[in-house]
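Our numbering numbers the first residue of the sequence shown as 9 and each following residue consecutively. Beta carbons: idealized from backbone N, C-alpha and C, even for Gly. One structure below.
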Amino acid sequence: MNVANQDINQLIEGCKKGDAKAQFAIYKLYYKAMYNTAFRILNDSFEAEDVMQESFLSAFTKLDSFSEQVTFGAWLKKIVINNSITALRRNHKFETVPLEKVAISAVEEDVADYPEVNVSGILNKLSTLKSNYKVALTLNLIEGYDCEEIAQIMDISYENTRTTISRAKNKLRQLLSESYAR
């Protein structure tokens, strides 16, 4: 165990005892990353701030359920993602597609050569996708979750997850092509 993990573990123990300084230290360590995660899903700074705050409160009250099988940051991020998806559903911005309506198609991925494409341009186009596409792609490409994990998080089938990601990539590719083909 390295020093950073040891420090975090000490802070977590302090949080379990209700130490406000330890809670604030944990908050300072993770708030930017958790806000960014919520914002990428919600695309609303005020809502992302609320979700982040709720997630920290939830994490601090549920610290006894934290097992050290995963890092604290990964555990907290999962809480933020779940709360973000709940917020999308609460606001009716999250659409799921029944599996019966989903036709799975194998799509060959073409690699387009657009040297002028930059990260902010891609993230801008990503934010314009419909919410379930945006969430699936964010979890897959930015947060690094695989299809099984995304299926669990989004509460949809594995097949629907794969299809949603494929369609989202195609839509993003189309938006980028339209934008950069000019």
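query = Touching or not, the stretch 134-144 and the stretch 29-39, by the rule of three or more beta carbon pairs under 8 Å?
reply = no
inquiry  = So, with DSSP's three-state summary, where would you put GLU116?
reply    = Within the sequence shown, numbered from 1, the residue matching residue 116 stands at position 108. In this prediction, GLU116 has a pLDDT of 38, which is less than 50 and means its spatial position is unreliable; nothing more can be read from the coordinates.
key: Supposed contact pair ASN91 and GLU62 - C-beta distance, whole angstroms, cut 8 Å   = Position 54 of the sequence shown, counted from the start, is the residue given in the question as residue 62. Position 83 of the sequence shown, counted from the start, is the residue given in the question as residue 91. About 6 Å; that satisfies the 8 Å criterion.
inquiry  = Which of the three DSSP states is assigned to GLY22 in this structure?
reply    = Position 14 of the sequence shown, counting from 1, holds the residue named residue 22. In the structure shown, GLY22 sits in a helix (DSSP, three-state: H, G or I).
query = From SER165, ASP58, GLU186, LYS177, pick the residue whose C-alpha is nearest to that of ILE150; which is it?
reply = What you label residue 150 is simply residue 142 of the sequence shown in a count that begins at 1. When each option's Cα is compared against that of ILE150, the closest is LYS177.
query = Nearest CA to the CA of PHE64: which residue from SER165, GLN77, GLY81, LEU147?
reply = Residue mapping note: residue 64 aligns to position 56 of the sequence shown, counting from 1. If we check each option's Cα against that of PHE64, GLY81 comes out closest.
key: Contained alpha helix (DSSP H) runs [length at least 4] in the stretch 39-71, N- to C-terminal order   = 53-69
request  = Give every residue of the same chain whose Cβ lies closer than 6 Å to the Cβ of ALA67, excluding the five residues on either side of it in the sequence, and list them in chain order.
outcome  = If you number the sequence shown from 1, residue 67 lands on position 59. Around ALA67: LEU84, ILE87.
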